[in-house]
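One structure is given below, encoded as structure tokens.
In this note's numbering, the protein residues as written are 358 to 558.
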């Protein structure tokens, strides 16, 4: 899942949110460098990603993309799912999206001193260009995927992937709604498990 989804799946717990955001930039034993709450957010992020990557509904969505985009289909569906989360935001949250995003950035800002360097560099642009909101439009997705395409070593064709969203929006919409409700339940229960395992109830 992409960043807005990880923010949503932090369940209003600020240290879980921070861990959820920095997780991909924390390798191996580096996780032990963080306090318990942030460490649990990192662990939750990894569980969410594993659940997502192995889910048959997600694989079904990626099957539309794989012939053209290969293993980049995983990155593309992550971004597409943020698009649909924004589209259906009011079905999942009472708080307005822009308020949620502003509060997310304010929380992250207060933990900047513990950011891994590579995440800190990326966060500057995430904040400046408001990536959490940008993926709510096809144009925003095209811009993001074009930027990613320029940074890949191979010809990913990701700059063309927004057209697949336009062509198959109905199919991806159905997949997202069915999958994300399962993911929300899974993440909530998994977070409780992680917190109980680390002495938090």
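The C-beta atom is built at its ideal place from N, Cα and C for all residues, glycine as well.
Beta-carbon gap between residue 439 and residue 359 smaller than 7 angstroms:
yes
Cβ of residue 383 within 6 angstroms of any heavy atom in the ligand ATP?
Although the ligand ATP was asked about, the structure shown includes no ligands whatsoever.
Can you give me the start and stop residues for the alpha helix (DSSP H) that residue 520 sits inside?
519-524
Check each candidate in 392, 362 and 361 and name the one with the smallest Cα separation from residue 472.
392
Does the count of Cβ pairs from the segment 365-376 and the segment 386-400 closer than 8 angstroms reach three?
Taking a cut-off of 8 angstroms on C-beta distances, the segment 365-376 touches the segment 386-400, as three or more cross pairs fall below it.
Could you say if the segment 468-483 and the segment 539-551 meet the contact criterion of at least three C-beta pairs nearer than 8 angstroms?
no
Buried or exposed: which applies to residue 433, given that a residue is buried once 16 or more other Cβ atoms fall within 10 Å of its Cβ?
buried
Could you pull the start and end residues of the alpha helix (DSSP H) that residue 377 belongs to?
First-last of the alpha helix (DSSP H) with residue 377: 371-379.
Straight-line Cα distance separating residue 421 from residue 516
16 angstroms
Tell me the residue span of the alpha helix (DSSP H) that contains residue 486.
For residue 486, there is no enclosing alpha helix (DSSP H), as DSSP marks it with neither H nor E.
Go through the segment 374-448 residue by residue and report every complete run of the alpha helix (DSSP H) that reaches 4 residues or more, in order.
393-411, 413-426 and 430-444
For residue 414 and residue 498, which I take to be in contact (beta-carbon distance under 8 angstroms), what is that distance rounded to the nearest angstrom?
The pair is not a contact, with the Cβ atoms about 20 angstroms apart (cut-off 8 angstroms).
Quick one: using the 10 Å Cβ neighbour count with 16 as the cut-off for buried, is residue 545 buried or exposed?
exposed
From the DSSP output, in three-state form, read off residue 547 for me.
Looking at residue 547 - three-state DSSP - the assignment turns out to be helix.
Candidates 445, 430, 489 and 455: which alpha carbon is nearest residue 417's?
The candidate whose alpha carbon is nearest that of residue 417 is 430.
Hey, how far is the Cα of residue 558 from the Cα of residue 425?
Since pLDDT at residue 558 reaches only 46, below the 50 mark, its modelled position is unreliable, and the value read off the structure follows with that caveat. In a straight line, the C-alpha of residue 558 is about 46 angstroms away from that of residue 425.
Enumerate in chain order the residues of its own chain whose CB-to-CB distance from residue 514 is below 8 angstroms, with the five nearest sequence positions on each side excluded.
425, 426, 429 and 506
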